[in-house]
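**Q** Dropping the structure in here first, questions after.
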Amino acid sequence: MDDLAIIIPAYNEEISIIDTIIAIVEELKFFDYMVKETYHNNDFKTTIYVYNNNSSDDTVKVVEEYIKNNKDNNIVLRDCYRQGKGYVIKQAFSEIEAKVYCMIDGDNTYSVDKLFVMYDLIYKKKADMVIGDRLSTSYFKENKRPFHNFGNKLMKNSINKLFKTNYRDILSGFRMFSYKFVKTFPITSSGFSIETEMNIHAANYDLKTIDVAISYKDRKEGSYSKLNTFKDGFKVIKKLFEMLWLYKPILFYNSLGLIFILLGIIFISPIIIEYCNIGIVPRFPTLIVSCFSIFIGIISIFIGQIQAGNNLRQKQIFELKCLEKERVLHINE
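Numbers -15 to 317, taken from the numbering used here, label the letters of the sequence shown in order.
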């Protein structure tokens, strides 16, 4: 079992992937020194896992060449054949056994000088997820894509409001996780909405999350983001509504139910008034549809209550699962 597993998803990152690896390897020299000084651990094992996600450029070639020439750095190259960052992280979390996990994009945009700070928060059980916060430093200055900035703010404000959290960078691709978080996180995202899902999972199950401000720089010239502003932005928003439906059923179904009830009342009111005045129901189809709308609204509210009860049971199961994962980790220690 690794003490620290650093996972780098890579899709067509020929230009940036080696710079990313070199930055991590250089930072690990200071990291290892701090581990020895702080925890008096001389047998600390860190492995860097590069996951190639069907790259069509020379990503695999340059990584293999680097590994060949730097065999002492403990770097492993693996393949994930299902396309999408979510699938990469799902596979990595499933097959890697480590006490602490780190996820970082392979585009060399994140500064890794806070690697030990982030690890220390997990090691001391102060957090189950630590997020490298770009937005508090240089992100808006360095990032030249205005719609990405807008999307970040929109998602951050929406999730913080809905889940009563205080996340500062919802979509950061540089994170550190506890063993408990990784082994209890049911990944359903296939692409870039994975970060949104991580935040909502942590908020729903009261997993402690801490933001650590990090520096950010834009991609190197010739390197292009795989994030499609509108296509992936839509997927992230869709994931937000899906998570709202799953984790906030009372809010979701009550809102839906009240809309149906309100529409029913609006359309049935003139019919009731007319009936009181002339004693005749003039528009039977409208009356039927209005009553049906009110009925659907009431049913929606009841469904929300039932799902909220199921969610409570799921939280109880989750807590038992956490205890089991903690026991496994203690055995491996």
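Glycine included, C-beta positions come from ideal geometry on N, C-alpha and C. Keep in mind that this is a model prediction, so the values were computed, not measured.
Nearest to R311 by alpha carbon, out of K83, N54, I154, Y50?
**A** K83
**Q** Mapping the DSSP letters down to three states, classify S162 as helix, strand or coil.
**A** strand
**Q** Report the start-end ranges of each alpha helix (DSSP H) in the segment 65 to 91 that is 4 residues or longer and not cut off at the edges.
**A** 69 to 79
**Q** Let me see if you follow: with CB-CB separation under 7 Å, is Y85 close to chain D or not?
**A** Structure shown: chain D not included; a single protein chain is present.
**Q** Check each candidate in Y103, F244, T30 and name the one with the smallest Cα separation from E81.
**A** T30
**Q** Look at the Cβ atom of Y35, then the Cβ atom of S174, and state whether they are nearer than 7 Å.
**A** no
**Q** Sorted by chain position, which residues of the same chain lie with C-beta nearer than 6 Å to L155's C-beta, five sequence neighbours on each side aside?
**A** N136, E179.
**Q** Measuring straight from C-alpha to C-alpha, what distance separates N57 and I194?
**A** Going from the Cα of N57 to the Cα of I194 covers about 29 Å.
**Q** Whole angstroms is fine: what's the gap from G116's alpha carbon to M160's?
**A** 8 Å
**Q** In three-state terms, what does DSSP make of R152?
**A** coil
**Q** Report the option in N141, F169, R66 whose CA atom is closest to the CA atom of M113.
**A** The alpha carbon of M113 has as its nearest neighbour, out of N141, F169, R66, the alpha carbon of F169.
**Q** Helix, strand or coil for N58? Go by DSSP, reduced to three states.
**A** coil
**Q** Roughly how many angstroms separate the alpha carbons of I249 and S277, rounded to a whole number?
**A** 9 Å
**Q** V114 by DSSP, collapsed to three states: which one?
**A** strand
**Q** Applying the 10 Å Cβ sphere with the 16-neighbour rule, what's the burial state of V166?
**A** buried
**Q** Among the residues of its own chain, which have a CB less than 6 Å from the CB of G241, if the five just before and after it don't count?
**A** G281, S284, I285
**Q** Taking the continuous beta strand (DSSP E) assigned at P(-7), which residues delimit it?
**A** -14 to -6
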